[in-house]
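See structure below.
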Amino acid sequence: MNWNSVSEFIHMGGYGLYVWGSYAMVAAVMILEVWQLRSRARAQDAASLLTQDGENV
Amino acid sequence: MNWFKYAAPQRFYPLAGILVTWCSVLATLLAIVGLTIGLLIAPTDFQQGESYRIIFIHVPASWMSMVIFVAMAFWSAIGLAFNARLAFMLARALAPTGALMCFLALWTGALWGKPTWGAWWVWDARLTSELILLFLYIGYLALHSTIQDTRRADRAAGLLALVGVVNVPIIYFSVKWWNTLHQGASVSVSAAPRMASIMLIGMLIMAIAFWLYAIATALARTRILIREREAQSAWIDSLEEQT
Numbered sequence: 001m002n003w004n005s006v007s008e009f010i011h012m013g014g015y016g017l018y019v020w021g022s023y024a025m026v027a028a029v030m031i032l033e034v035w036q037l038r039s040r041a042r043a044q045d046a047a048s049l050l051t052q053d054g055e056n057v
Numbered sequence: 001m002n003w004f005k006y007a008a009p010q011r012f013y014p015l016a017g018i019l020v021t022w023c024s025v026l027a028t029l030l031a032i033v034g035l036t037i038g039l040l041i042a043p044t045d046f047q048q049g050e051s052y053r054i055i056f057i058h059v060p061a062s063w064m065s066m067v068i069f070v071a072m073a074f075w076s077a078i079g080l081a082f083n084a085r086l087a088f089m090l091a092r093a094l095a096p097t098g099a100l101m102c103f104l105a106l107w108t109g110a111l112w113g114k115p116t117w118g119a120w121w122v123w124d125a126r127l128t129s130e131l132i133l134l135f136l137y138i139g140y141l142a143l144h145s146t147i148q149d150t151r152r153a154d155r156a157a158g159l160l161a162l163v164g165v166v167n168v169p170i171i172y173f174s175v176k177w178w179n180t181l182h183q184g185a186s187v188s189v190s191a192a193p194r195m196a197s198i199m200l201i202g203m204l205i206m207a208i209a210f211w212l213y214a215i216a217t218a219l220a221r222t223r224i225l226i227r228e229r230e231a232q233s234a235w236i237d238s239l240e241e242q243t
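Going down the list, the protein sequences come from chains A and B.
The first sequence begins at 1 in the numbering used here and counts up one residue at a time.
The second sequence begins at 1 in the numbering used here and counts up one residue at a time.
Have a look at this one:
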């Protein structure tokens, strides 16, 4: 463990902006990609349920 | 075991579903371990200070941007040679993840370059060839979306991937072939790694996590493409009963 306090960890020896700017962008991109894939899959599920209901009627 | 049976989209679909789950879980666990090592345990670099911690995501993203393009070219070649539907879908599904990895490599590189070199961007061979890779990804996706007929779009974009893959060795060897501001490889197959072992372990764990993430997202996208493209076939209708 390198850090004595949370603020030291966030400060990153003066490189906080660069380090957290990198990690935040990676996290944002990955969360968005996964969210987008999930919502597309859910939309397909909903659509196929609709057509099946249509056929049953 | 006959692996070719999974070349049929309806057999591949459930297999991909299982793989997506497992790869997602493993990627999450490894990312937790890798981030703990990278951000909490690994010591401060004596030359670069804390800014070096960016490499725990920069190197995996850069590797994946190249690996995914090679995989795209490979599946495009299989698709073109054997007219295999699933191979083309895999190639198309890899592209957005690869483009994002390429963007992340450039973004994290810029944020590392500013404090280390004093510039967000330089027209160095490594950086420029990586930027060209991003344009190739965008070109592949743009070309694919412009052509209405899916089979023709697959073939045209597949050809672009096959031609564009020549850029990958250029990126990889750029630090050897030219005098680049970008440093040489820290890890290579031919020489002992020039990094402290705990840093190396953290970086390799993150690299495996990125691999699994890329496999999971690409396969999840392949499943979506399968359902889109096979919408007219009867087996799609029976999916609801299975899942």
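C-beta atoms are modelled at their ideal positions from N, C-alpha and C, and glycine is treated no differently.
On a predicted model such as this, the values are computed, not experimentally measured, just so you know.
So which residues of chain A does residue i contact, with C-beta pairs closer than 7 Å?
i                : result
Ile57 (chain B)  : Ser22, Tyr23, Val26
Leu100 (chain B) : Val29, Glu33
Trp121 (chain B) : Per Cβ cutoff of 7 Å: no residues; Trp121 (chain B) is ~14 Å from chain A at best.
Trp75 (chain B)  : None at all; the shortest Cβ gap to chain A is about 19 Å.
Pro115 (chain B) : Tyr15, Tyr18
Ile170 (chain B) : What Ile170 (chain B) touches in chain A: nothing, since even the nearest Cβ is about 25 Å away.
Thr150 (chain B) : Within 7 Å Cβ-Cβ: nothing; Thr150 (chain B) doesn't reach chain A, min ~17 Å.
How about residue i: is its C-beta nearer than 7 Å to some C-beta of chain A?
i                : result
Leu104 (chain B) : yes
Thr108 (chain B) : yes
Thr217 (chain B) : yes
Leu111 (chain B) : yes
Ile224 (chain B) : yes
Ala209 (chain B) : no
Ala220 (chain B) : yes
At a CB-CB cut-off below 9 Å, which residues of chain A make contact with residue i?
i               : result
Gly44 (chain B) : As written in the sequence, residue 44 (chain B) is Thr, which differs from the Gly given in the question. Ordered by position in chain A, the residues that pass the 9 Å Cβ test against Thr44 (chain B) are Asn2, Gly13.
Ala61 (chain B) : Val26
Leu40 (chain B) : Met1, Asn2, Trp3, Phe9
Would the beta-carbon of residue i be found less than 6 Å away from any heavy atom of the ligand NAP?
i                : result
Thr150 (chain B) : The ligand NAP is not part of the structure shown, which contains no ligands of any sort.
Residue i versus chain B: which residues are under 9 Å apart at the beta carbon?
i               : result
Arg42 (chain A) : None at all; the shortest Cβ gap to chain B is about 10 Å.
In chain B, which residues lie with their C-beta within 7 Å of the C-beta of residue i?
i               : result
Val19 (chain A) : Glu50, Ser51, Arg53, Ile54
Pull up the DSSP beta-bridge partners for residue i, would you.
i               : result
Gly49 (chain B) : B:Asp45
Residues of chain A with CB under 8 Å from residue i, in chain order?
i                : result
Tyr213 (chain B) : Met30
Thr97 (chain B)  : Glu33
Checking contacts by CB at 7 Å: is residue i closer than that to chain B?
i               : result
Ile10 (chain A) : no
Leu37 (chain A) : yes
Val6 (chain A)  : no
For the segment 135-161 of chain B, list every residue whose C-beta sits within 9 Å of some C-beta in chain A, in sequence order. none
Write down every uninterrupted run of the beta strand (DSSP E) in the segment 59-120 of chain B whose length is 3 residues or greater and which is fully enclosed by it, in chain order. none
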